[in-house]
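Chemist: Number 445 marks the last residue of the sequence shown (the working numbering); no jumps. Ideal Cβ positions, reconstructed from N, Cα and C, are used throughout, including at glycine.
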Amino acid sequence: MLKTYEILVVFISFILIVKSIRRLIWMSKSIYFIHLLFCFIFVLPIILDYLIGYPTYNTKYYGFILSYNDTATRFIYATYVLLSQLIMLLIGNIRINKKGKIYLLVDSKKAINKVKELSSTTDLDYNTKNYNRYVDFLLLFASIITVLLVLIFPISKEILWTYDWRNKGIIIEGQKYYSTIERLSYISIISGIIYILGKKRSIITKIIIPLFIFMTICTQGKRSILFFMILAIISYLFINVKLSKRKWIFILAIISAVGIVSYSIYIKVFYRGYSGFDSLYTTLRIDFFRDDTTKLVIYSLLNPNSIKILDYPGQSIITQIGALFPLQFLDVPVIGYNTYLTSALIGASYKYSAQNWMTTSIFDEMLANFSFFGFWIAPMVLGIFSKIADKQNCKIKPITISSLILLMMYSPSYILWYMQFWFIITFAEKVAKNKNIQLFNENDLYNRGLL
């Protein structure tokens, strides 16, 4: 029964994926890009379970051993995955007209065909107005701030040019400053990408900014920064290139995914001593997907006497407020959600454990905080943020999309600075009232009298 249900969920997801790919090629909505990324992180693991097999967890992952193949847990997880897709796609397609009437815009076949017809005779590229000079300055400053702080702080300078210094056993000086630099690195990466691609720049700028991006990647020193950078570039290209070139970006995305996985295998084999298919397969799944943490939370809700993650609703949200800037420098106590989950995973209490090495996502955190009411929260957040992105200047939109990428990859305590940066950029753009011309969607065509 469970196998049949999971296959049904995968089949429905596949139909939704095909529709999202088709609409992403011809329409401008951010929700389709986010939906595809969600399916990679949460649907693909179900497929891998049947194509390759289940992960083989050791005793270090005690919670996963209990939860991963529990029948009730897997059933609820499959339901959560399907329901999340439907909610985020629904929210991402809702429109409110000037009279306050709510209606659903679904990018009909007629609209897509009209865009194809227009693209053959008209340049439908994003001829957007460039973002204002204040946003431009913010992007420039943010793109270089990480490297500047490494130069200013009493911290080892060799991390600026030594990529993957963590796996090479390099011990850096000035560790107390490093958390600041690490949190800023994501802001610098996305800012540098948009700054160099968003406007025509001088030759010197085209050399210097990529150099700063490279040094920022070296400074951060994790494979996840490469994954983030590639997704940020791909999202930018999807939004800003001509329609006729969008199909090639899918090929670039596939090649990039293969490259990242291959590089991860190389690191695990040659630097971390992993050997054997089972260990590589399991650790790769832990690195790239979030099905295991979500199932752990679901299992804890079904079996509170076996695993307990939080003491009360909203606990991890409250205890992460201190990670906001500048509260982090005022000695406000901070307990990240990943600390709670890692402690539950290894069977320890967060009160006595400082372990926080397990990466989490907004989907398992909302379940942990609000029980099964959390089913609705995470996909609604993604849908709402996608709608915000669709109203932004096309050059700035990747910052909002990247914030959703980070929400699906990390605990809030790690990315709150990025979210604050997103708010500042969004506010600056809104104040400037810099209107953009988006690619045609069904509403655009209707307003232009083409439907």
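1. Let's test the definition: count the other Cβ atoms within 10 Å of the Cβ of GLN214 and tell me whether it reaches 16, buried, or not, exposed.
2. Please determine if the region 177 to 188 and the region 403 to 415 are in contact, where contact requires at least 3 C-beta pairs separated by less than 8 Å.
3. In its own chain, which residues sit with a C-beta less than 7 Å from the C-beta of ILE59, not counting the 5 before and 5 after it?
4. Measure the Cβ-Cβ separation of LEU304 and TYR334 and say whether it is below 8 Å.
5. Give me the DSSP bridge partner(s) of ILE382.
6. I need the boundaries of the alpha helix (DSSP H) containing CYS212, first residue and last residue.
7. Can you grab the Cα-Cα spacing for the pair LYS262 / LYS23, in whole Å?
8. Going straight from the alpha carbon of LYS170 to that of THR210, what length do you get?
9. Closest to LEU38 by C-alpha separation, out of ILE224, LYS151 and ILE280, would be which residue?
10. Which residue spans inside the region 274 to 359 form an unbroken alpha helix (DSSP H) run of at least 4?
11. Can you tell me whether DSSP reads ILE450 as helix, strand or coil?
12. Check for me: the alpha helix (DSSP H) holding ASP64 runs from which residue to which?
13. Which residues bound the alpha helix (DSSP H) around PHE32?
14. Label LYS381 either buried or exposed according to how many other C-beta atoms from any shown protein chain fall within 10 Å of its C-beta, with 16 as the threshold for buried.
15. By alpha-carbon positions, which one of MET352, ILE15, SER238 and ILE187 ends up nearest to ILE340?
16. Give the C-beta separation of PHE415 and ILE181 to the nearest angstrom, bearing in mind that I take them to be a contact with Cβ-Cβ under 8 Å.
17. What distance in whole Å lies between the Cβ atoms of ASN87 and ILE25, which are believed to be in contact at a cut-off of 8 Å?
18. Can you tell me where the alpha helix (DSSP H) with TRP20 in it begins and where it stops?
19. So, under 8 Å CB-CB, ILE371 and MET360 are touching, yes? Tell me the CB distance rounded to an integer number of Å.
20. Helix, strand or coil for PHE232 per DSSP?
21. When you compare only the Cα positions, how much space is there between ILE187 and ILE197?
22. Looking at C-alpha atoms only, which residue of ASP43, GLY368, LEU237 and ARG127 is the closest neighbour of LYS(-3)?
23. Is it the case that the Cβ atoms of LEU237 and VAL255 are separated by a distance below 8 Å?
24. Measuring straight from C-alpha to C-alpha, what distance separates PRO392 and ASN299?
25. Can you round the beta-carbon distance between ILE9 and CYS33 to whole angstroms, since I take them to be within the 8 Å contact cut?
26. Flag this pair as yes or no: are the beta carbons of MET403 and SER218 separated by less than 8 Å?
27. Assign LEU400 to one of two classes, buried (16 or more other C-beta atoms within 10 Å of its C-beta) or exposed (fewer than that).
28. Taking the Cβ atom as the reference point for each residue, do TYR491 and ASP286 lie within a distance shorter than 8 Å?
29. Could you name the residues of the same chain whose beta carbon sits closer than 6 Å to that of TYR344, not counting the 5 residues immediately before and after it, in chain order?
30. Short check: CB of SER365 to CB of LEU295, under 8 Å?
31. For LEU376, I'd like the list of residues in its chain whose CB is within less than 6 Å of its CB, leaving aside the five on either flank, ordered along the chain.
32. Within a Cβ cutoff of 8 Å, which residues of the same chain sit near LEU274, ignoring the five residues on either side of it in sequence?
33. Who are the near neighbours of VAL425 in its chain, counting only those whose CB is closer than 8 Å to its CB and skipping five residues on each side?
34. Nearest to PHE319 by alpha carbon, out of GLY192, LEU220, SER173 and PHE206?
Modeler: By the coordinates alone:
1. Here residue 214 is taken as the residue at index 220 of the sequence shown, counted from 1. Buried: at least 16 other Cβ atoms inside 10 Å.
2. In short, these stretches touch, since the Cβ pair count reaches three.
3. Position 65 of the sequence shown, counting from 1, holds the residue named residue 59. Taken in chain order, the residues that qualify are TYR51.
4. The residue labelled residue 304 in the question sits at position 310 within the sequence shown. The residue labelled residue 334 in the question sits at position 340 within the sequence shown. Taking the C-beta atoms as reference points, TYR334 is found nearer than 8 Å to LEU304.
5. Position 388 of the sequence shown, counting from 1, holds the residue named residue 382. Bridge partners of ILE382: none, in fact.
6. Sequence index remark: in the sequence shown, residue 212 carries index 218 (1-based). Segment 197 to 214, the alpha helix (DSSP H) holding CYS212.
7. The count along the sequence shown starts at 1 and reaches residue 262 at position 268. The count along the sequence shown starts at 1 and reaches residue 23 at position 29. One C-alpha to the other measures close to 37 Å.
8. Taking the sequence shown and counting its residues from 1, one reaches residue 170 at position 176. Taking the sequence shown and counting its residues from 1, one reaches residue 210 at position 216. Taking the straight line joining both Cα atoms gives about 18 Å.
9. For the purposes of this step, residue 38 is taken as residue 44 along the sequence shown, with counting starting at 1. Closest by alpha carbon: ILE280.
10. For the region 274 to 359, the full-length alpha helix (DSSP H) segments reaching 4 residues or more read 285 to 296, 309 to 312 and 331 to 339 along the chain.
11. Residue 450 lies beyond the residue range present for the chain, which begins at -5 and ends at 445; the question has no answer from this structure.
12. The residue you call residue 64 lines up with position 70 of the sequence shown. No alpha helix (DSSP H) holds ASP64; DSSP gives it neither H nor E.
13. Your numbering for residue 32 matches position 38 in the sequence shown. Start and end: 24 to 32.
14. Working through the sequence shown from its first residue, we reach residue 381 at position 387. Buried.
15. Here residue 340 refers to the residue found at position 346 when the sequence shown is read from its first residue. Closest option to ILE340, Cα to Cα, is MET352.
16. Here residue 415 is taken as the residue at index 421 of the sequence shown, counted from 1. Here residue 181 is taken as the residue at index 187 of the sequence shown, counted from 1. About 5 Å separates the two Cβ atoms, so the contact holds.
17. Indexing the sequence shown from 1 puts residue 25 at position 31. Indexing the sequence shown from 1 puts residue 87 at position 93. ILE25 to ASN87, Cβ: 7 Å. Contact.
18. Here residue 20 refers to the residue found at position 26 when the sequence shown is read from its first residue. Looking at the DSSP string, the run of the alpha helix (DSSP H) that includes TRP20 is -4 to 20.
19. Here residue 371 corresponds to residue number 377 of the sequence shown, with the count starting at 1. Here residue 360 corresponds to residue number 366 of the sequence shown, with the count starting at 1. With a beta-carbon spacing of about 4 Å, ILE371 and MET360 fall inside the 8 Å limit used to define contacts.
20. One-based indexing of the sequence shown puts residue 232 at position 238. DSSP places PHE232 in helix when its eight states are reduced to three.
21. In the sequence shown, counting from the first residue as 1, residue 187 sits at position 193. In the sequence shown, counting from the first residue as 1, residue 197 sits at position 203. Rounded to the nearest angstrom, the two C-alpha atoms are 15 Å apart.
22. The residue you call residue -3 lines up with position 3 of the sequence shown. Ranking the options by Cα distance to LYS(-3), first place goes to ASP43.
23. The count along the sequence shown starts at 1 and reaches residue 237 at position 243. The count along the sequence shown starts at 1 and reaches residue 255 at position 261. No, the pair does not count as a contact, with Cβ atoms beyond the cut-off.
24. Position 398 of the sequence shown, counting from 1, holds the residue named residue 392. Position 305 of the sequence shown, counting from 1, holds the residue named residue 299. Rounded to whole angstroms, PRO392 and ASN299 show a C-alpha spacing of 43 Å.
25. Counting from one through the sequence shown, the residue named residue 9 turns up at place 15. Counting from one through the sequence shown, the residue named residue 33 turns up at place 39. Not really, about 11 Å apart at Cβ, beyond 8 Å.
26. Within the sequence shown, residue 403 is the residue found at index 409, counting from 1. Within the sequence shown, residue 218 is the residue found at index 224, counting from 1. For MET403 and SER218, yes; Cβs fall inside 8 Å.
27. Walking along the sequence shown from the start, residue 400 turns up at place 406. Residue environment analysis places LEU400 among the buried positions, since at least 16 neighbouring C-beta atoms fall within 10 angstroms of its C-beta.
28. With the chain represented from -5 up to 445, any question about residue 491 goes unanswered, as that position is not in the structure.
29. In the sequence shown, residue 344 corresponds to position 350, counting from 1. The beta carbon of TYR344 lies closer than 6 Å to those of THR333, TYR334 and SER337 in the same chain, with the five residues before and after it left out.
30. Residue numbering aside, residue 365 sits at position 371 when the sequence shown is read from its first letter. Residue numbering aside, residue 295 sits at position 301 when the sequence shown is read from its first letter. In this structure, the beta-carbon distance from SER365 to LEU295 falls below 8 Å.
31. Numbered from its first residue, the sequence shown carries residue 376 at position 382. Excluding positions up to five away in sequence, the list reads ILE28, MET82 and LEU398.
32. By 1-based counting over the sequence shown, the position of residue 274 is 280. The answer, listed in chain order, is ILE259, LYS262, VAL263 and TYR268.
33. Along the sequence shown, read from residue 1 onward, the residue named residue 425 stands at position 431. Cβ within range, chain order: n/a, list empty.
34. Looking up residue 319 in the sequence shown gives position 325. Relative to PHE319, the option among GLY192, LEU220, SER173 and PHE206 whose CA is nearest is SER173.
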